[in-house]
Structures are given as structure tokens and as C-alpha cells.
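Colleague:
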Amino acid sequence: SRGLLAQALVLLAVCLCVCTTLTRGGGAVGAGVRARSLNGQEKSWLQHRPAQPRVSSPRCQQGAPEQPPVPPRIPENADVTADQAFKAVLRATNDGKKRQRIELLLPLIGATDLDDWPGGIRQQFKAAQPMVEQVLQGLRRELRITQSLTGKILDQGDATATWFNDKMTAVLFPTAETIEYIEEAVAKGDDHLVVLINPQWNKGGANFVSDFGWGQRKAKAEDLIKSFDTTYSFEQRKQSGANIKLFRSYPEEWKVLVTEDDKSFDVIGTDNERPTYQAVEQMLKVAYPDEDILSRFVREIKEKGISGMQ
70 SRGLLAQALV LLAVCLCVCT TLTRGGGAVG AGVRARSLNG QEKSWLQHRP
120 AQPRVSSPRC QQGAPEQPPV PPRIPENADV TADQAFKAVL RATNDGKKRQ
170 RIELLLPLIG ATDLDDWPGG IRQQFKAAQP MVEQVLQGLR RELRITQSLT
220 GKILDQGDAT ATWFNDKMTA VLFPTAETIE YIEEAVAKGD DHLVVLINPQ
270 WNKGGANFVS DFGWGQRKAK AEDLIKSFDT TYSFEQRKQS GANIKLFRSY
320 PEEWKVLVTE DDKSFDVIGT DNERPTYQAV EQMLKVAYPD EDILSRFVRE
370 IKEKGISGMQ
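If you want my numbering, it's the position in the sequence shown, counting the first as 1, plus 69.
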């Protein structure tokens, strides 16, 4: 019996030691159990134990500086542009968007020193047609539309054309005069895909009269246009001496880029909506606060090695 009592006392002592260590400081682990004080060896271990790594929560990381937006892949030719546009339209279609607008940057054909398009809108049609057909054939393939597309010229003078079947309608260079055709395409149903490509209408402004006239006719046309989402856009322009490119590929936001050589690009701003002229101007001022239009022009001249500019 004395042997059993000794074993029980040893077991009780071991339990008290383990419970005391787990409390990290000698506090009671459970009600009714009183722990002994730590000895010198245990205190030394607690003071010199390895530090545990801290894991930062998302809330802690909110104050970290934002990473600059990554420049998108700028299409280097018409085939890449058409492929990007097709994929953007497809993504939007799969998300249920059946009214879409895309804007393609057309390759220059027959350009002269005085005019990029000496042949006017008909020359642009020759550049756009193969790109449009590449987009539409890709959509037919991926959406598994077996019916072929029928092509038709809607307006010879404005080079407005359409491709259509029972599932989709595309209109290239739509104008105010062809708005009724677009209304008919939309009226085919919510499942009918309608894509407007490089619209040519002018909605009016401070110095221009809208192509849609005025009154109820204008309001109706503009409401129809607003129902179309721009799912792909790649366009360029000169603004304040800078070579600006606007780029959007669904579902990403709009990006404003500046380039000097069309090889490297700086993203100077992003927006959920198409950036206005004033918005781009403000982005330029923030990106280049100490450089005005004239100084940028002089710098470009010097970089090209033209002497005589001071």
C-alpha cells in the first residue's frame, strides 16, 4: 500500500508541474487547483523562449502604399487588336451583356505626309473589315453559333456596314442615319447580341450640334446609345504635347497611358468610366507637374537631335 501511495504522490506532483507551466506565470488552470511557484530553470525558459512570428492581418496591411497599375499589353498589330477585342466581347457576353460597343485602332493604309486617310471613311472601311470579321468569326466559334453571317452595306457614302444572323448583329461605322436599324436589332430580344464598332455619330457639345437633332428624337437616340457598354477600346490622340493612349478591355477599368516611342508605356491614371479630356489633362499635370506643353515639345525636339532650339 505504501508503494501505491508513493506512486500516486509522484503522479500528482507531475500534474501540478505541467499545469503550472501551461499557465505561463503560475495562475490556476482550473477551479480548485492551486499551482506552485516557478523554479529558476522554468523562469529562465520563459524569459528566453523563441519569439513567435506575427501574422499580419489584411486590416493591418490596408495602410501599405498602393502598387502602380500594370500597363496592359498594347496590341502591336491589327491581328492582336482584333483578338483582344473578340475576347473582351466574349467575356462580356458570358456575363450577360448583350449590347456592346468596341473601338478599334485601325492600321494605316495608304497614309501620306499630309493625311493619314486620304481616301476617307471608305479607306478606313478597307482597314476595318478584316478586323471585324476576325472578331465575329471568333464569337461564332466560341458561342457555338452554326448559322453563317450575312454582310450588307447600309450606307455607301458613310461606309456603314452590318453583319447579322439570328443570334447576333454587328454594325461598323454606325451613324445617326442608321439608328433605326440598331433599334430593330435590339428589338430582336434580350438574347440577341448587338455590337457597335467605331461609331461615327456626334452627340453634340458646346460647339457642335448633335447628329440626332433635338427634342424627343435626340433623347430617344441618346438613351439607346447609353444602353451599350464599351467593352473594348484602343484609341490614341495627342494632348498637351503628349502621345496619349486610352485602353479598356472588359472587365478591366480604363487606363490612360503615355508613350514616347510606342514601345514603353506609363500608366498615368485609371477610371471606371471613359476618361474625359479634362480628366486626362489633370492626370498629365499630376504625372508631370514641372513640365508644361512648350518644355515637353522642346525636349522632344532635342531628343530627336534637331539643333537650333534653345
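Just so it is clear, CB atoms sit at the ideal spot from N, CA and C, and this is done for glycine as well.
What you are looking at is a predicted structure, and each value in this text was computed from that prediction instead of being measured.
May I ask you to report which of helix, strand or coil DSSP gives Arg142?
Modeller: Arg142: coil per DSSP, three-state reduction.
Colleague: Taking the straight line between their C-alpha atoms, what separation do you get for Leu241 and Asn267?
Modeller: The alpha-carbon atoms of Leu241 and Asn267 are separated by roughly 6 Å.
Colleague: Would you call Asp359 buried or exposed, if buried means 16 or more other Cβ atoms sit within 10 Å of its Cβ?
Modeller: Exposed: under 16 other Cβ atoms inside 10 Å.
Colleague: For Lys166, tell me which candidate among Thr300, Ala230, Gly284 and Arg343 has the shortest Cα-Cα distance.
Modeller: Of the listed residues, the one whose Cα sits closest to Lys166 is Thr300.
Colleague: Does Gly258 come out as helix, strand or coil in the three-state DSSP assignment?
Modeller: Gly258 falls in the coil class under three-state DSSP.
Colleague: Under a Cβ-count criterion, where at least 16 other Cβ atoms within 10 Å of its own Cβ denotes burial, should Lys332 be classed as buried or exposed?
Modeller: With fewer than 16 other Cβ atoms within 10 Å, it is exposed.
Colleague: Which two residues bound the contiguous alpha helix (DSSP H) that contains Gln351?
Modeller: Looking at the DSSP string, the run of the alpha helix (DSSP H) that includes Gln351 is Tyr346 to Ala356.
Colleague: If you draw a straight line from the alpha carbon of Gln216 to that of Asp235, how long is it in whole angstroms?
Modeller: Distance between the alpha carbons of Gln216 and Asp235: 8 Å.
Colleague: Identify, in the order they occur along the chain, each residue of the same chain with its Cβ nearer than 6 Å to the Cβ of Ile248, setting aside the five sequence neighbours on each side.
Modeller: Closer than 6 Å at the Cβ level, and outside the excluded window around Ile248, lie Ala290.
Colleague: Expressed to the nearest angstrom, what Euclidean distance is found between the alpha-carbon atoms of Phe281 and Glu252?
Modeller: Answer to the nearest angstrom: the Cα atoms are 14 Å apart.
Colleague: Apply the 10 Å Cβ neighbour rule to Glu329 and answer buried if 16 or more other Cβ atoms are within range, or exposed otherwise.
Modeller: The residue in question, Glu329, is exposed, as its Cβ has fewer than 16 Cβ neighbours within 10 Å.
Colleague: Can you tell me which of the three DSSP states Tyr319 falls into?
Modeller: DSSP places Tyr319 in coil when its eight states are reduced to three.
Colleague: Contact between the segment 349 to 359 and the segment 189 to 203: three or more CB pairs below 8 Å?
Modeller: These segments do not touch.
Colleague: Assuming Phe297 and Gln169 are in contact, meaning their beta carbons sit under 8 Å apart, how far apart are those beta carbons, in whole angstroms?
Modeller: Their Cβ separation, rounded to whole angstroms, is 6 Å, which keeps Phe297 and Gln169 in contact under 8 Å.
Colleague: Can you tell which of Thr345, Ile337, Val158 and Asp292 has its C-alpha closest to the C-alpha of Met237?
Modeller: That would be Val158, whose Cα lies nearest to the Cα of Met237.
Colleague: Suppose you measure from the CA of Ser309 to the CA of Ile171; what does that come to, to the nearest Å?
Modeller: Near 26 Å, if we compare the C-alpha coordinates of Ile171 and Ser309.
Colleague: Do Thr219 and Trp232 have their C-beta atoms closer together than 8 Å?
Modeller: Yes; because the gap between Cβ atoms is below 8 Å, this pair is in contact.
Colleague: When we look at the beta-carbon of Pro344 and count the other beta-carbons within 10 Å, is it buried (16 or more) or exposed?
Modeller: Buried is the call here.
Colleague: To the nearest angstrom, how far is the alpha carbon of Gln225 from that of Glu246?
Modeller: Cα to Cα, the separation comes out at about 12 Å.
Colleague: Quick one: residues in its chain with C-beta nearer than 8 Å to the C-beta of Leu177, no 5 flanking neighbours on either side, listed in chain order?
Modeller: Closer than 8 Å at Cβ, skipping near neighbours: Asp185, Trp186 and Ala196.
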